[in-house]
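Participant: So in my numbering, spot 214 of the first sequence is number 225, and the numbers just go up one at a time.
By construction, the Cβ of each residue, glycine as well, lies at the ideal position given by its N, Cα and C atoms.
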Amino acid sequence: MRAWILHVDLDQFIAAVEVRRRPELRGLPVVVGGSGDPTARRQVVATASYEARAFGVHSGMPLRMAARKCPDAVFLPSDPAAYEEASAEVMQTLREFPVVVEVWGWDEAFLGAKTDDPEALAHAIRTAVLERTGLSCSVGVGENKQQAKLATGFAKPAGVARLTHDTWWEIMGDRPTEALWGVGPRMAHRLAELGLHTVRQLASADSDVLSREFGPRMGPWYGLLGRGIGDTHVTDVPWVPKSRSHETTYPEDVADPAEIAERVAGLARAVTREVVDQGRTVVRVAVKVRFSSFFTQTRISKLPEPTREPEAVAAAALRVLGRFELGRPVRLLGVRVELDDVTAARDGGE
DNA sequence: TCTGGGGTCCTAGGACCC
DNA sequence: TCTGGGGTCCTAGGACCC
12 MRAWILHVDL DQFIAAVEVR RRPELRGLPV VVGGSGDPTA RRQVVATASY EARAFGVHSG
72 MPLRMAARKC PDAVFLPSDP AAYEEASAEV MQTLREFPVV VEVWGWDEAF LGAKTDDPEA
132 LAHAIRTAVL ERTGLSCSVG VGENKQQAKL ATGFAKPAGV ARLTHDTWWE IMGDRPTEAL
192 WGVGPRMAHR LAELGLHTVR QLASADSDVL SREFGPRMGP WYGLLGRGIG DTHVTDVPWV
252 PKSRSHETTY PEDVADPAEI AERVAGLARA VTREVVDQGR TVVRVAVKVR FSSFFTQTRI
312 SKLPEPTREP EAVAAAALRV LGRFELGRPV RLLGVRVELD DVTAARDGGE
């Protein structure tokens with residue numbers, strides 16, 4: 012039996028959960044995002060159903076634009092608790108197979124499996140998830156996480172696909188570098204400036220050139236990505252977050268410094284309470300400000316000592332805020348707290 | 001139609017110490 | 001008096017992902 016990695020990805024997860032509890036929405040264009048008000052400013056689409064996508068609606072698009080493109084769509088508010096619960100059902104179903112399940116967010120998981128027929132396993136998983144939860148997923152099969160993840164893209168929707176070293180060049184060789192998992196538009200552009208347009212060209216690029224251009228870690232890593240190499244380790248040990256943040260874009264700009272300070276302190280208290288409830292301790296606090304011009308800055312500071320006191324974190328956040336050149340209207344304020352490391356969390360949290 | 005929220009990781013550069 | 005490196009810590013910003 013051989014080791015395989017499977018990547019399971021729910022199809023249109025958020026929209027599918029909404030349709031599951033409101034069957035009358037099936038087949039209709041559904042757009043989920045923000046407060047669900049298509050006339051609201053500064054809100055964007057979280058997910059659009061396939062029917063809504065046919066009108067050109069996609070995630071990240073302003074809700075008001077979605078409303079123009081597809082006025083008859085059903086607009087719904089985002090309901091994180093419902094997605095959390097549906098996700099847990101899916102993950103539980105996956106754990107009933109003889110596989111190691113590594114959860115990657117609400118709607119994704121990597122599975123480590125030993126089998127001679129990974130496609131049969133993938134189809135069995137698809138069937139079980141659909142029967143048990145009513146949700147459709149796609150499954151990619153690979154020899155590492157990158158291959159499995161990319162295979163899922165070829166499997167969508169509601170299918171199974173395999174991508175291995177044997178088929179890597181045939182399937183990926185002539186695709187643009189941006190098709191790789193970890194190469195975004197910016198990096199694709201920089202690679203193109205070096206004459207590296209396709210996966211094959213990136214794979215055969217000189218490692219020294221990549222290192223010089225992109226740094227000692229990232230450079231060689233891009234070369235490996237191009238050759239279809241990726242992480243082969245799958246673990247079911249739960250992920251321990253390293254930070255937690257809250258940020259808010261206000262429907263109207265905020266200009267009053269006292270109000271800005273009050274909101275930053277409030278965000279700091281809220282985020283601190285949440286991590287303390289999970290037994291964690293705050294070691295650094297960062298403040299993010301986005302001005303009405305969309306110019307965005309972050310300032311961060313290490314605390315004098317680690318703390319679990321919301322007021323101490325709020326006071327530190329206000330000191331950090333004092334390092335900004337305010338006096339201009341802002342559209343977004345955010346606070347992020349960085350947390351103690353895993354061992355410290357274990358010592359303090361149990 | 002102006003551009004969300006929540007994360008992770010990497011790099012560069014300055015400060016400081018030896 | 002001038003010049004040298006290495007190592008570590010810290011912060012700001014960029015890029016990517018869902």
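Report all residues from its chain with a CB closer than 7 Å to the CB of Met102; omit the five preceding and five following residues, and keep chain order.
Facilitator: Reading the first sequence from its first residue, position 91 is the one you call residue 102. Excluding positions up to five away in sequence, the list reads Val112, Val114, Ala120.
Participant: Using three-state DSSP, classify His244 as helix, strand or coil.
Facilitator: Counting from 1 along the first sequence, the entry for residue 244 is found at position 233. When secondary structure is reduced to three states using DSSP, His244 falls in the coil class, being assigned neither helix nor strand.
Participant: Measuring alpha carbon to alpha carbon, tell me which residue in Val210, Ile182, Ala51, Ala93 is nearest Arg5.
Facilitator: This structure gives no information on residue 5, because the portion of the chain shown stretches from 12 to 361.
Participant: Anyone know if the C-beta pair for Val298 and Glu349 falls short of 8 Å?
Facilitator: Taking the first sequence and counting its residues from 1, the one referred to as residue 298 is at position 287. Taking the first sequence and counting its residues from 1, the one referred to as residue 349 is at position 338. 8 Å or more divides the Cβ of Val298 from the Cβ of Glu349.
Participant: Considering only C-alpha positions, which residue in the set Glu95, Gly71, Gly116, Lys167 is nearest to Pro249?
Facilitator: In the first sequence, residue 249 corresponds to position 238, counting from 1. Comparing Cα positions, the closest option is Gly116.
Participant: Using a Cβ-Cβ cutoff of less than 8 Å, which residues in the same chain neighbour Val85 once the five nearest sequence positions on both sides are dropped?
Facilitator: Here the question's residue 85 lines up with position 74 in the first sequence. Result list for Val85: Leu36, Leu39, Pro40, Val41, Val42, in chain order.
Participant: Which of helix, strand or coil does DSSP assign to Gly359?
Facilitator: Numbered from its first residue, the first sequence carries residue 359 at position 348. Because the pLDDT of Gly359 is 43, which lies under 50, any placement of that residue in the model is unreliable, and the number read from its coordinates should be weighed accordingly. Of the three classes helix, strand and coil, the one that applies to Gly359 here is helix, per DSSP.
Participant: Check whether the Cβ atoms of Val275 and Val346 lie closer than 8 Å to each other.
Facilitator: Here residue 275 is taken as the residue at index 264 of the first sequence, counted from 1. Here residue 346 is taken as the residue at index 335 of the first sequence, counted from 1. It is a contact, given that the beta carbons lie within the stated cut-off.
Participant: Does the Cβ-Cβ distance between Thr175 and Ile16 come in under 8 Å?
Facilitator: Position 164 of the first sequence holds residue 175. Position 5 of the first sequence holds residue 16. No, the Cβ-Cβ distance between Thr175 and Ile16 is not below 8 Å.
Participant: With the cut-off set at 8 Å, would you say Pro168 and Val152 are in Cβ contact?
Facilitator: What you label residue 168 is simply residue 157 of the first sequence in a count that begins at 1. What you label residue 152 is simply residue 141 of the first sequence in a count that begins at 1. No, the Cβ-Cβ distance between Pro168 and Val152 is not below 8 Å.
Participant: Three or more beta-carbon pairs under 8 Å between the segment 325-334 and the segment 257-267, yes or no?
Facilitator: Short answer: they don't touch.
Participant: Where do the ends of the beta strand (DSSP E) carrying Asp20 lie?
Facilitator: Against the first sequence, residue 20 aligns to sequence position 9. Segment 13-21, the beta strand (DSSP E) holding Asp20.
Participant: Enumerated in chain order, which unbroken segments of the beta strand (DSSP E) with a length of 3 residues or greater are wholly contained in the segment 162-208?
Facilitator: 171-174
Participant: Roughly how many whole angstroms lie between the Cα atoms of Phe225 and Leu207?
Facilitator: For this step, residue 225 is matched to residue 214 along the first sequence. For this step, residue 207 is matched to residue 196 along the first sequence. Spanning the two alpha carbons is a distance of roughly 13 Å.
Participant: Around the C-beta of Asp352, are 16 or more other C-beta atoms found within 10 angstroms, so that it is buried, or is it exposed?
Facilitator: As a first step, residue 352 is located in the first sequence; it is residue number 341 there, counting from the start. Exposed, because fewer than 16 other Cβ atoms sit within 10 Å of the Cβ of Asp352.
Participant: At the level of alpha carbons, what is the spacing between Trp231 and Phe306?
Facilitator: For the purposes of this step, residue 231 is taken as residue 220 along the first sequence, with counting starting at 1. For the purposes of this step, residue 306 is taken as residue 295 along the first sequence, with counting starting at 1. For the sequence presented, residue 231 should be read as Pro rather than Trp. Rounded to the nearest angstrom, the two C-alpha atoms are 32 Å apart.
Participant: Measure the Cβ-Cβ separation of Gly234 and Arg211 and say whether it is below 8 Å.
Facilitator: Sequence index remark: in the first sequence, residue 234 carries index 223 (1-based). Sequence index remark: in the first sequence, residue 211 carries index 200 (1-based). No; because the gap between Cβ atoms is not below 8 Å, this pair is not in contact.
Participant: For Glu273, count the other beta carbons within 10 Å of its own beta carbon; 16 or more makes it buried, fewer makes it exposed. Which is it?
Facilitator: Residue 273 sits at position 262 when you count from the first residue of the first sequence. Per the 10 Å Cβ criterion, exposed.
Participant: Looking only at its chain, what residues have a beta carbon closer than 6 Å to the beta carbon of Thr144, apart from the 5 residues adjacent to it on each side?
Facilitator: Here the question's residue 144 lines up with position 133 in the first sequence. Glu100, Val101, listed in sequence order.
Participant: Can you give me the Cβ contacts of Glu95 inside the same chain, cut-off strictly under 8 Å, excluding the 5 residues immediately before and after it?
Facilitator: Position 84 of the first sequence, counted from the first residue, corresponds to residue 95. Cβ within range, chain order: Trp117.
Participant: Which stretch, first to last residue, makes up the beta strand (DSSP E) that contains Glu316?
Facilitator: Translated into the one-based positions of the first sequence, residue 316 becomes position 305. Per DSSP, Glu316 belongs to the beta strand (DSSP E) from 307-318.
Participant: Between the beta-carbon of Asn155 and the beta-carbon of Ile240, is there less than 8 Å?
Facilitator: As a position in the first sequence, residue 155 is number 144, starting the count at 1. As a position in the first sequence, residue 240 is number 229, starting the count at 1. The criterion of a C-beta distance shorter than 8 Å is satisfied by Asn155 and Ile240.
Participant: For Ala133 and Val300, I'd like the C-alpha separation in whole angstroms.
Facilitator: Taking the first residue of the first sequence as position 1, residue 133 is located at position 122. Taking the first residue of the first sequence as position 1, residue 300 is located at position 289. Rounded to the nearest angstrom, the two C-alpha atoms are 45 Å apart.
Participant: Looking at the strands, I want to know which residues DSSP matches up with Arg350.
Facilitator: For the purposes of this step, residue 350 is identified with residue 339 of the first sequence, where counting begins at 1. Per the sequence shown, residue 350 should be read as Leu rather than Arg. Answer by DSSP bridge pairing, in chain order: Val293.
Participant: Please name the residue, chosen from Lys125, Ala199, Gly170, that lies closest to Leu141 on a Cα-to-Cα basis.
Facilitator: Numbered from its first residue, the first sequence carries residue 141 at position 130. Across the set Lys125, Ala199, Gly170, the C-alpha of Gly170 shows the shortest separation from the C-alpha of Leu141.
Participant: Check for me: the beta strand (DSSP E) holding Pro88 runs from which residue to which?
Facilitator: To locate residue 88, count along the first sequence from 1; it is residue 77. First-last for Pro88: undefined, no H or E at that position.
Participant: Check whether the Cβ atoms of Ala59 and Ser46 lie closer than 8 Å to each other.
Facilitator: On the first sequence, residue 59 is found 48 positions in, with the first residue counted as 1. On the first sequence, residue 46 is found 35 positions in, with the first residue counted as 1. No, the pair does not count as a contact, with Cβ atoms beyond the cut-off.
Participant: Answer with buried or exposed for Arg197, where buried requires no fewer than 16 other C-beta atoms within 10 angstroms of its C-beta.
Facilitator: As a position in the first sequence, residue 197 is number 186, starting the count at 1. For Arg197, the number of other beta carbons within 10 angstroms of its own is below 16, and it is reported as exposed.
Participant: Quick one, which of Pro187, Leu314, Val286 has its alpha-carbon nearest Val296's?
Facilitator: As a first step, residue 296 is located in the first sequence; it is residue number 285 there, counting from the start. Among Pro187, Leu314, Val286, the Cα nearest to that of Val296 belongs to Leu314.
Participant: Go ahead and pull the three-state DSSP assignment for Thr58.
Facilitator: Along the first sequence, read from residue 1 onward, the residue named residue 58 stands at position 47. The answer is strand: DSSP assigns Thr58 an E or B state.
Participant: Check whether the Cβ atoms of Arg13 and Asp127 sit closer than 8 Å, and answer yes or no.
Facilitator: Position 2 of the first sequence, counted from the first residue, corresponds to residue 13. Position 116 of the first sequence, counted from the first residue, corresponds to residue 127. Yes; because the gap between Cβ atoms is below 8 Å, this pair is in contact.
Participant: Secondary structure at Pro252, three-state DSSP: helix, strand or coil?
Facilitator: Translated into positions along the first sequence, residue 252 becomes position 241. It is coil, neither helix nor strand.
Participant: How many Å lie between Glu336 and Phe302 at the Cα?
Facilitator: Taking the first residue of the first sequence as position 1, residue 336 is located at position 325. Taking the first residue of the first sequence as position 1, residue 302 is located at position 291. C-alpha separation (whole angstroms): 10 Å.
Participant: By Cβ distance, which residues of its chain are closer than 8 Å to Leu362, with the 5 residues on each side in sequence left out?
Facilitator: Outside the displayed span of the chain (12 to 361) sits residue 362, for which this structure offers no information.
Participant: Identify whether Gly345 lies in helix, strand or coil by the three-state DSSP scheme.
Facilitator: Within the first sequence, numbered from 1, the residue matching residue 345 stands at position 334. Strand, per DSSP.
Participant: Less than 8 Å between the beta carbons of Met63 and Cys81, yes or no?
Facilitator: In the first sequence, counting from the first residue as 1, residue 63 sits at position 52. In the first sequence, counting from the first residue as 1, residue 81 sits at position 70. Reading the sequence as shown, one finds Ala at residue 63 and not Met. The answer is yes: Cβ separation under 8 Å.
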